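Positions -11 to 548 (my numbering) are the ones given, in order, by the sequence shown. Below is one structure; the comments refer to it alone.
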Amino acid sequence: MKLSKFFYTTLRETPSDATMPSHIFLMRGGYIKPLSTGIYSYLPMGFRVLKKIENLIREEMNAIDGLEVNLPVVQTAELWSESGRYTAIGEELLRFKDRNNHNMVLAMTHEEAITDLVRYVVSSYKQLPVMLYQFQTKYRDEARARGGLIRVREFLMKDAYSFHTSQEDLDKHYELEYKAYQNIFRKVGIEPVIVQSDTGIMGGKVAHEFMLDTPNGEDYLILCKHCGYQANREIATFERVPYQGDANAPLEKVPTPHAATIDDLCKFLNVKPEATAKCVFFDFNGKLVTCLVPGNLDVSEIKLHNLLKAKELYPAEDSLIEKCGMVPGFASPIGAHDSIVIVDTALENSYDLVVGANEKGFHYLHCNPKRDMSGYQVADIAEAEEGCKCPKCGEPLSETRGIELGNIFKLGTKFSSSMNAKFLTADRKEEPIVMGCYGIGVGRLMASVVENSHDEFGPIWPKTIAPFQVEIVNIVKESDVADKLEKELEAAGFEVLVDDRDERAGVKFKDADLWGIPIRIALGKKGLANGQVEWKLRSEKDMTMVNLSDVVEKVKEFYK
């Protein structure tokens, strides 16, 4: 393919809104173009990479007996009402009416549609297990689209769904998906960090996320380097260490002017944050939720959502807090009323704590929750952080950031029960089908590869998904060497891009770096006079001179 016949563009300057390497280089290299916030068009260079990732995933899905299908993006609200998610999901689900005034949605995921398809076909245990997958556009009305393809509103996803007669059969297939995902990510040069994760809107009891460990990640991961425990910080558990001072000291109110934050309070009283307990307030359908956690920890909103089975939680307004007898900045459940009070497990056996006195400028010393508070429930609502103790081995946990590459869920019968997707057992009993689901965002994976493999000049694509396998940079005018070499390489089965532009060599080399093609062959006047060309691998800094006659065999050896 000659560049003069290709549809492309490159940018010399970094777009003003691009901060992550993948966003910068995918824009500068002419892989993608924003159409609207979080919605991108793919140019031919980007689409070639996207399709190669898709084909690589397809190979792994087929290898575990997956069957490819295609499901609609536009779906009826009735279908989502069957599962209960039409009302359970918030504004990220785009709802609209068609011309016949029917309620419709743009699918952000396809559990309802695939369950509807399977209940149409499957009636007997003899038809199970089966795994179906697709590559399909999704739409999530994301409030905070960011990072180019990392967090978007419209995206291409591979979603797979497996259907089983038992939990044990699902467990076996889950392991196959787990290994297939490892294969996929390793083939694009990523060794994933695999963590336990929240099941969220998908439901089910078990889920894992495959993450790229990167400082640009939007997720926080909690890891134990001693025993291998790994989890998303949102749901990570950890061993609590209760704070225990003087168990018999009576509650004492002391003045704490200008100490409305934990930091100010600790400085004023000369105490450690773990010797304090702070209140965090949420509005749950108009009801105040008061969360009490150690002063050195934060509330995990995911844990709280799951505990309350809440569709949405909002930070509580001061007026609601005051209505329930508490004073923002100096609050505690002591003497409060009309609030759901949830105390983190770390405080269950703690005492001699500093808490708010519900009077501006005052706190209590020596609080013992069991003695001084009533009407509360104890739950794991605190978010793990670096230095917390591992729940498995007790060693200190570490924290890193990551980008989610894919996820797998054991759904169980959440969708099949609500949507009446059943099968007849061998003894003619009707049972709900047991389900699993498995997703990979194809565009996000493309961006993640760039995050994982780039230098200051552009992406360094792995062999498996590079837009072309060889780039020929022709610096010599009026030479037929480039045409001949292109034909020889294409005849040998390689994808070749020829930069035949009438441009300076520096411009061509800069664009070659942005396109990240594994092999760059430059044809210069001096080298050709000696029967040689410049050979450079994108992954290496230095170039070497090789004989023109050896190029095809050298390319074959590289891709062997």
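We treat Cβ as the ideally placed atom computed from N, Cα and C, and that holds for glycine. Every value quoted in this text rests on a predicted model; they were computed, and no experiment measured them.
Problem - Where C254 falls, given that 16 or more other Cβ within 10 Å makes a residue buried - result: Here residue 254 refers to the residue found at position 266 of the sequence shown. C254 is buried by the Cβ-count criterion.
Exercise for the section: For the alpha helix (DSSP H) containing A319, list its first residue and its last residue. Expected result: Here residue 319 is taken as the residue at index 331 of the sequence shown, counted from 1. Looking at the DSSP string, A319 is not in any alpha helix (DSSP H), and its letter there is neither H nor E.
Exercise for the section: Go through the segment 493 to 548 residue by residue and report every complete run of the alpha helix (DSSP H) that reaches 4 residues or more, in order. Expected result: 493 to 503, 513 to 517, 539 to 546
Problem - At least 3 beta-carbon pairs within less than 8 Å: the segment 390 to 402 vs the segment 149 to 167 - result: yes
Practice task
Ignoring anything shorter than 4 residues or poking outside the segment 265 to 337, list the alpha helix (DSSP H) runs there in chain order.
Solution key: 289 to 296, 306 to 311
Practice task
Just mark G363 as buried or exposed, buried being the case when its beta carbon has 16 or more other beta carbons within 10 Å.
Solution key: By 1-based counting over the sequence shown, the position of residue 363 is 375. The residue is exposed, with fewer than 16 neighbouring Cβ atoms inside 10 Å.
Practice task
Can you grab the Cα-Cα spacing for the pair C355 / G177, in whole Å?
Solution key: What you label residue 355 is simply residue 367 of the sequence shown in a count that begins at 1. What you label residue 177 is simply residue 189 of the sequence shown in a count that begins at 1. The straight-line gap from Cα to Cα measures roughly 53 Å.
Handout entry: Nearest neighbour of N337, chosen from P316, G344, R359 [CA to CA]
Key = As a first step, residue 337 must be located in the sequence shown, where it is residue number 349. The option with the nearest alpha carbon to N337 is R359.
Handout entry: CB contact check: G390 to chain B, cutoff 9 Å
Key = The question asks about chain B, but that chain is absent: this structure has only one protein chain.
Problem - alpha helix (DSSP H) runs contained entirely in the segment 0 to 25, provided each spans 4 or more residues - result: 9 to 16
Handout entry: Anticipated Cβ contact below 8 Å, E262 with G283, distance rounded
Key = Along the sequence shown, read from residue 1 onward, the residue named residue 262 stands at position 274. Along the sequence shown, read from residue 1 onward, the residue named residue 283 stands at position 295. Yes, E262 and G283 are in contact; Cβ-Cβ is about 7 Å, under 8 Å.
Problem - Host alpha helix (DSSP H) of P32 (start-end) - result: Here residue 32 is taken as the residue at index 44 of the sequence shown, counted from 1. From DSSP, the alpha helix (DSSP H) with P32 extends over 32 to 51.
Exercise for the section: Classify Q115 as helix, strand or coil using the three-state DSSP reduction. Expected result: Counted from its first residue, the sequence shown places residue 115 at position 127. Reduced to three states, the DSSP call for Q115 is helix.
Practice task
For K472, count neighbouring Cβ atoms within 10 angstroms of its own Cβ and tell me buried if that reaches 16, exposed if not.
Solution key: Numbered from 1 along the sequence shown, position 484 holds the residue referred to as residue 472. Exposed.
Exercise for the section: Measure the C-alpha to C-alpha separation of S4 and M15 and round it to an integer number of angstroms. Expected result: Position 16 of the sequence shown, counted from the start, is the residue given in the question as residue 4. Position 27 of the sequence shown, counted from the start, is the residue given in the question as residue 15. Roughly 11 Å between the two C-alpha positions.
Problem - Proximity below 9 Å, CB of Y217 to CB of A334 - result: By one-based count along the sequence shown, residue 217 stands at place 229. By one-based count along the sequence shown, residue 334 stands at place 346. Taking 9 Å as the Cβ cut-off, Y217 and A334 do not qualify as a contacting pair.
Problem - Proximity to L48 [Cα-Cα], best of T75, Y121, V62 - result: Residue 48 sits at position 60 when you count from the first residue of the sequence shown. Inspection of the sequence shows that residue 48 is occupied by Glu rather than by Leu. Cα-wise, what sits closest to E48 is Y121.
Problem - Helix, strand or coil at L263 according to DSSP, with G and I counted as helix - result: By 1-based counting over the sequence shown, the position of residue 263 is 275. It is worth fixing the name first, because residue 263 is Ala in this sequence and not Leu. It is helical.
Exercise for the section: Please go through the same chain and pick out, in chain order, the residues whose beta-carbon is closer than 8 Å to the beta-carbon of A168, but skip the five residues on each side of it. Expected result: The residue you call residue 168 lines up with position 180 of the sequence shown. Correct list, in chain order: E48, M49, A51, I52.
Handout entry: Where Y162 falls: helix, strand or coil (DSSP)
Key = Residue numbering aside, residue 162 sits at position 174 when the sequence shown is read from its first letter. Residue state, collapsed to three classes: helix.
Exercise for the section: May I have the straight-line CA-CA distance separating A470 from K496, to the nearest angstrom? Expected result: Taking the sequence shown and counting its residues from 1, the one referred to as residue 470 is at position 482. Taking the sequence shown and counting its residues from 1, the one referred to as residue 496 is at position 508. If I take the Cα positions, the gap works out to 15 Å.
Handout entry: Cα-Cα separation, V140 to S29
Key = What you label residue 140 is simply residue 152 of the sequence shown in a count that begins at 1. What you label residue 29 is simply residue 41 of the sequence shown in a count that begins at 1. Their backbone Cα atoms lie some 12 Å apart in a straight line.
Exercise for the section: Take the Cβ of K160 as the centre, count every other Cβ of all protein chains shown within 10 Å, and call the residue buried at 16 or more, exposed below. Expected result: On the sequence shown, residue 160 is found 172 positions in, with the first residue counted as 1. Exposed: under 16 other Cβ atoms inside 10 Å.
Practice task
Below 8 Å on the Cβ atoms is my guess for C212 versus L385; work out the distance and round it to an integer in Å.
Solution key: Within the sequence shown, the letter at position 224 stands for residue 212. Within the sequence shown, the letter at position 397 stands for residue 385. Confirmed, Cβ separation roughly 6 Å.
Problem - Beta-carbon contacts of K548 that lie in its chain and below 6 Å, excluding the five residues immediately before and after - result: By one-based count along the sequence shown, residue 548 stands at place 560. Hits under 6 Å: none found.
Exercise for the section: Whole angstroms is fine: what's the gap from S307's alpha carbon to V315's? Expected result: On the sequence shown, residue 307 is found 319 positions in, with the first residue counted as 1. On the sequence shown, residue 315 is found 327 positions in, with the first residue counted as 1. Going by the C-alpha atoms only, they are around 10 Å apart.
Handout entry: Three-state secondary structure (DSSP) of L81
Key = On the sequence shown, residue 81 is found 93 positions in, with the first residue counted as 1. Three-state result, L81: coil.
Handout entry: A237, buried or exposed, once every other Cβ within 10 Å from all chains shown has been counted against 16
Key = For this step, residue 237 is matched to residue 249 along the sequence shown. A237 is exposed by the Cβ-count criterion.
Practice task
Figure out for me which residue from L209, L239, A235 has the closest Cα to the Cα of T549.
Solution key: Beyond the ends of the chain as shown, which are -11 and 548, falls residue 549; an answer cannot be given.
Problem - Straight-line Cα distance separating L164 from E142 - result: Residue mapping note: residue 142 aligns to position 154 of the sequence shown, counting from 1. Residue mapping note: residue 164 aligns to position 176 of the sequence shown, counting from 1. Taking the straight line joining both Cα atoms gives about 29 Å.
Exercise for the section: Hey, could you find the ends of the alpha helix (DSSP H) K255 is sitting in? Expected result: Within the sequence shown, the letter at position 267 stands for residue 255. Segment 250 to 257, the alpha helix (DSSP H) holding K255.
Handout entry: Contact check, S185 vs I138, beta carbons under 9 Å
Key = Walking along the sequence shown from the start, residue 185 turns up at place 197. Walking along the sequence shown from the start, residue 138 turns up at place 150. No.
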